[in-house]
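In order, the protein sequences belong to chains A and B.
In terms of our numbering, the first sequence has 141 at position 141, counting the first letter as 1, and numbering is strictly consecutive.
If you count the second sequence from 1, you need to add 150 to reach our numbering.
For every residue, glycine included, the Cβ atom is placed at its ideal position computed from N, Cα and C.
Below: one structure, written as structure tokens.
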Amino acid sequence: MSAKEWVRLDPAKFGKESGEGIQGVEIHVFLSPYDVPMAVRGHFDDRKRRFVIRFRYIVSEPSKSFKSDYKYIRLSVGKNSGRLQAIEVDVDALKATRVGLRMLVPRAVKDAIEQLASEPKHGPHRANYRIAGDVIADRQEEIFEDLVTA
Amino acid sequence: MRRARSRKFFYWVFSAGLWLSVVLLGMLAGAVRSDADRVGARWPFAREALLWIQDFAWYTYPLLSVLALLMQWMRQEIGAPWIWETVERALDDFRDYVFSAKKGDPEHHHRATLFKYRRWRWCLERWPWSGWLVAVARSGHTTQEQIVAFRPYKRDPDRAEGIAGRAYARRRTLLVTGLPDLETDPSPQAYEEYAKSGGVTVEWLRKNQPKARSLCGIPVEAGGQPWGVIVLDSRSERGISRRYNRVFDLFAATLSKPLERIR
């Protein structure tokens with residue numbers, strides 16, 4: 001499946017956090033349903049000349065975007081929730097070959113997410129950023145498939 | 151049921167108040183722009199009334215505007231009755247679905263309750279403004295009264311009270327099953343175990359004597375911000391199955407949209 005289309009995700013795979021049993025009492029912890037993306041999509045936006053990774057959540061909301069500490073990356077987060085909605089990579093500015101892009105972009109995206117999660121003001125959203133990173137690592141082939149056309 | 155009736159009544163009162171304020175503001179605007187002498191030539195009795203209204207317009211304008219805003223704020227605080235009817239109906243359906251295997255049991259043995267976060271509430275507690283999760287809707291008609299409130303301690307989630315408080319403060323869905331039956335086993339160990347797993351104190355347990363043996367707290371958001379928690383409780387030891395986790399998620403998401411309209 002090409003990631004130009006939405007790739008559906010299994011919330012059970014990314015949403016389970018822990019489970020324990022003590023003297024007959026079982027306690028299970030799951031991430032908030034709002035934090036786990038339902039689908040992800042990676043595509044090259046011809047108009048913006050950017051490679052864009054988008055996450056779709058159980059509830060949609062307006063987003064705000066800002067420049068990441070990584071020069072070529074812009075991040076969009078939910079206006080109220082702060083959840084990661086999209087990552088835009090300026091592939092032209094990277095000035096790399098197609099093969100180079102396949103190496104550079106996933107690395108840069110991973111670093112940008114880690115940087116975002118490490119900022120103290122984003123503490124409450126850390127779980128969401130961790131899942132976003134896990135999703136990208138897990139579905140890397142499909143998400144970055146469109147990079148070759150960039 | 152009593153809560154639903156009073157909610158409807160006050161919503162109606164504040165809606166009427168809002169409309170009245172708006173209508174009066176419109177009439178006031180018309181009266182201020184009118185020429186009292188010209189109107190008085192046609193209707194002599196209206197001249198004095200117009201002059202009187204114009205004299206007091208400087209403070210009735212802002213007063214009515216503030217009143218209209220206040221009424222609108224109160225309406226949003228209470229929530230439209232149709233939203234609550236939808237929420238209560240959804241809670242009933244949710245409860246029926248999750249506990250479909252326990253159809254023969256009385257309704258109040260397996261319940262779904264919606265708690266809303268409020269900064270303060272009317273109560274005889276030391277810190278009524280310290281933030282509370284207050285029950286605002288519950289499945290069934292027989293179990294709507296006497297629902298306790300919990301403190302989520304947003305800034306210190308380790309102190310959060312109950313499954314509701316823990317789920318809200320940690321922004322996680324929590325499922326606890328196999329809690330001790332305090333009726334058949336009132337030993338100190340059973341109380342300790344229940345208190346530890348349920349996020350309450352032994353004193354609280356002795357006072358409230360909960361019968362639930364399975365609990366599940368699901369955080370609810372509205373407009374991307376924490377709104378409250380849905381708590382499922384069952385008297386059955388394994389009454390709530392984790393295989394319904396996806397259903398919990400979808401239900402919480404479904405409620406998000408209507409709850410955006412309740413402050």
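Handout entry: Distance CB(Phe-265/B)-CB(Met-224/B) smaller than 7 Å
Key = Here residue 265/B corresponds to residue number 115 of the second sequence, with the count starting at 1. Here residue 224/B corresponds to residue number 74 of the second sequence, with the count starting at 1. In this structure, Met-224/B does not lie closer than 7 Å to Phe-265/B by Cβ.
Problem - Inter-residue spacing [alpha-carbon to alpha-carbon] between Pro-11/A and Gly-290/B - result: Your numbering for residue 11/A matches position 11 in the first sequence. Your numbering for residue 290/B matches position 140 in the second sequence. The alpha-carbon atoms of Pro-11/A and Gly-290/B are separated by roughly 30 Å.
Exercise for the section: Kindly list, in the order they appear in chain A, the residues whose Cβ is closer than 7 Å to that of Asp-399/B. Expected result: For the purposes of this step, residue 399/B is taken as the residue at position 249 of the second sequence. Chain A residues near Asp-399/B: Pro-11, Pro-33, Ile-58.
Problem - Entirely enclosed alpha helix (DSSP H) segments - the segment 164-246 of chain B, minimum 4 residues - result: 186-192, 194-228
Problem - Pairwise C-alpha distance: Met-38/A and Arg-288/B - result: In the second sequence, residue 288/B corresponds to position 138, counting from 1. In the first sequence, residue 38/A corresponds to position 38, counting from 1. In a straight line, the C-alpha of Arg-288/B is about 29 Å away from that of Met-38/A.
Exercise for the section: Give the straight-line distance between the Cα atoms of Ala-86/A and Lys-253/B, rounded to the nearest whole angstrom. Expected result: To locate residue 86/A, count along the first sequence from 1; it is residue 86. To locate residue 253/B, count along the second sequence from 1; it is residue 103. Those two C-alpha atoms are separated by around 45 Å.
Problem - Proximity below 7 Å, CB of Ala-362/B to CB of Leu-409/B - result: Residue 362/B sits at position 212 when you count from the first residue of the second sequence. Residue 409/B sits at position 259 when you count from the first residue of the second sequence. No.
Practice task
Quick one: measure Cβ to Cβ for Asp-175/A and Val-36/A, integer angstroms, because I've assumed they're closer than 8 Å.
Solution key: It is not possible to answer for residue 175/A, since the shown part of chain A is limited to 1 through 150.
Problem - Minimum Cβ-Cβ distance from Val-7/A to chain B less than 7 Å - result: Sequence index remark: in the first sequence, residue 7/A carries index 7 (1-based). No - not a single Cβ of chain B is within 7 Å of the one on Val-7/A.
Practice task
Would you kindly check if the distance between the Cβ of Leu-355/B and the Cβ of Val-326/B is under 7 Å?
Solution key: Residue 326/B sits at position 176 when you count from the first residue of the second sequence. Residue 355/B sits at position 205 when you count from the first residue of the second sequence. It is not a contact, given that the beta carbons lie outside the stated cut-off.
Practice task
Could you name the residues of the segment 25-54 of chain A whose beta carbon sits closer than 9 Å to any beta carbon of chain B, in the order they occur along the chain?
Solution key: Val-25, Glu-26, Ile-27, His-28, Val-29, Phe-30, Leu-31, Ser-32, Pro-33, Tyr-34, Asp-35, Val-36
Practice task
Measuring only between beta-carbons, confirm whether Glu-235/B sits less than 7 Å from chain A.
Solution key: Position 85 of the second sequence, counted from the first residue, corresponds to residue 235/B. Closer than 7 Å: no.
Exercise for the section: Anything in the segment 340-373 of chain B with a Cβ closer than 7 Å to a Cβ of chain A? List those residues in chain order, please. Expected result: Glu-343, Ser-347, Pro-369, Glu-371, Gly-373
Practice task
Kindly list the residues whose CB is nearer than 6 Å to the CB of Val-237/B, restricted to its own chain and excluding five residues on each side of it in sequence; keep chain order.
Solution key: The residue labelled residue 237/B in the question sits at position 87 within the second sequence. These residues qualify, in order along the chain: Ala-287.
Problem - Cβ of Asn-128/A within 7 Å of any chain B Cβ - result: The count along the first sequence starts at 1 and reaches residue 128/A at position 128. For Asn-128/A, the answer is no, since every Cβ of chain B falls outside 7 Å of its Cβ.
Practice task
Just the chain B side, please: which residues come within less than 8 Å of Gly-78/A by C-beta, in chain order?
Solution key: To locate residue 78/A, count along the first sequence from 1; it is residue 78. Under the 8 Å cutoff, chain B gives Gly-374.
Problem - For Lys-412/B, the nearest candidate out of Trp-377/B, Gln-339/B, Asp-185/B, Leu-178/B (CA to CA) - result: Here residue 412/B corresponds to residue number 262 of the second sequence, with the count starting at 1. Contrary to the premise, residue 412/B reads as Ile rather than Lys in this sequence. Measuring from the Cα of Ile-412/B, the nearest candidate turns out to be Trp-377/B.
Exercise for the section: Could you tell me whether the Cβ of Thr-334/B comes closer than 7 Å to any Cβ of chain A? Expected result: Residue mapping note: residue 334/B aligns to position 184 of the second sequence, counting from 1. Taking Cβ atoms only, chain A never reaches closer than 7 Å to Thr-334/B, which makes this a no.
Exercise for the section: Spell out whether any CB of chain B is found under 7 Å from the CB atom of Glu-61/A. Expected result: Here residue 61/A refers to the residue found at position 61 when the first sequence is read from its first residue. Yes, contact with chain B.
Problem - chain A contacts made by the segment 176-195 of chain B, where a contact means CB separation under 9 Å - result: none
Problem - Candidates Lys-71/A, Ala-137/A, Gly-78/A, Val-40/A, of which the one nearest Ser-65/A by Cα - result: Here residue 65/A corresponds to residue number 65 of the first sequence, with the count starting at 1. Of the listed residues, the one whose Cα sits closest to Ser-65/A is Gly-78/A.
Handout entry: Buried or exposed by the 16-neighbour rule on C-beta atoms within 10 Å, applied to Gly-42/A
Key = Taking the first residue of the first sequence as 1, we reach residue 42/A at position 42. It is buried - the Cβ of Gly-42/A has at least 16 other Cβ atoms within 10 Å.
Practice task
Below 7 Å between beta carbons is the criterion; list the residues of the segment 303-330 of chain B that meet it against any residue of chain D, in chain order.
Solution key: The displayed structure is made up of protein chains A and B, and chain D is not among them.
Exercise for the section: Give, in chain order, every residue of the segment 244-262 of chain B whose Cβ lies closer than 7 Å to some Cβ of chain A. Expected result: none
Problem - Cβ shell of Lys-4/A (< 7 Å), same chain only, five flanking positions each side left out - result: By one-based count along the first sequence, residue 4/A stands at place 4. Cβ within range, chain order: His-43, Asp-146.
Problem - Contact check, Leu-174/B vs Leu-214/B, beta carbons under 7 Å - result: In the second sequence, residue 174/B corresponds to position 24, counting from 1. In the second sequence, residue 214/B corresponds to position 64, counting from 1. A contact, by the Cβ cut-off of 7 Å.
Exercise for the section: Return the chain-ordered list of same chain residues with a C-beta closer than 7 Å to the C-beta of Pro-62/A, the five sequence neighbours on each side being excluded. Expected result: Within the first sequence, numbered from 1, the residue matching residue 62/A stands at position 62. Around Pro-62/A: Lys-79.
Practice task
Go to Lys-266/B, then tell me how far its beta strand (DSSP E) extends in each direction, as first and last residue.
Solution key: Numbered from its first residue, the second sequence carries residue 266/B at position 116. Residues 260-268.
Practice task
In the DSSP assignment, find the unbroken beta strand (DSSP E) run with Pro-376/B in it and report its ends.
Solution key: Along the second sequence, one-based indexing puts residue 376/B at 226. 375-384 is the extent of the beta strand (DSSP E) around Pro-376/B.
Practice task
Spell out whether any CB of chain A is found under 7 Å from the CB atom of Ser-406/B.
Solution key: For the purposes of this step, residue 406/B is taken as residue 256 along the second sequence, with counting starting at 1. For Ser-406/B, the answer is yes, since a Cβ of chain A falls inside 7 Å of its Cβ.
Practice task
Give the interface partners of Ala-287/B over in chain A, defined as CB-CB distance under 8 Å, in chain order.
Solution key: Along the second sequence, one-based indexing puts residue 287/B at 137. Neighbours of Ala-287/B on chain A: none; closest Cβ ~19 Å, over 8 Å.
Practice task
Taking only the alpha-carbon atoms, compute the straight-line gap between Glu-152/A and Ala-319/B and give it to the nearest angstrom.
Solution key: For chain A, the structure presents residues 1 to 150; residue 152/A sits outside this window and is missing.
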